[in-house]
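Residue numbers (this note's numbering): 61 to 218.
The structure appears below as structure tokens.
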Ligand SMILES: [Zn+2]
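Put into structure tokens, the structure is as follows:
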């Protein structure tokens, strides 16, 4: 099943950059596209998609076609550019685990600005509902000072 993210998230033309691939997965090919997109933004001197901030949304869905490839480990390993023995960590049959894992792998990329927002969603094709698996947050905590501010804020509340 193909799911159109513009339809699911109500994205209007020009509001977002949408990169689609099988499974909605973070692959070397996807990362290359992200990198090219960043370069386009540098050359154009504007954030791709417009606006003042950038929010990466990893969106996958239930009953995705990629689950039908579970019996083709060689094909999947090539897609992800990993060894077949590492496929289990890609959770191709579990979209919630896959989204969480893909968000984590994006957070580990130093080239992505830490202040960008990232979130992970799963669209349930049976119910039409979007589940927030990873709530929106900065890709990386910006500084230790900010952490301390948050801690003291929490202690004041308590
Ligand atoms: Zn799909």
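No residue lacks a Cβ here, since even glycine has one placed at the ideal position from N, Cα and C.
Judged by pairs of C-beta atoms under 8 Å, the stretch 96-104 does not touch the stretch 136-152, as fewer than three such pairs exist. About 14 Å separates the beta carbons of residue 163 and residue 174, which is beyond the 8 Å limit, so they are not a contact pair.
At a threshold of 6 Å, residue 89 does not count as near ligand 1, since its beta carbon sits no closer than that to any of the ligand's heavy atoms. With a beta-carbon spacing of about 7 Å, residue 150 and residue 158 fall inside the 8 Å limit used to define contacts. With contacts defined by Cβ atoms closer than 7 Å, residue 190 and residue 122 do not form a contacting pair. In this chain, the alpha helix (DSSP H) harbouring residue 92 covers 88-104. Only buried fits residue 85, as 16 or more other CB atoms lie within 10 angstroms of its CB.
For residue 75, the three-state secondary structure derived from DSSP is coil.
Assignment of beta-bridge partners to residue 115 by DSSP yields 177.
When DSSP states are grouped into helix, strand and coil, residue 192 belongs to the strand group. In the assembly as shown, residue 126 is a buried residue. Its beta-carbon has 16 or more other beta-carbons within 10 Å.
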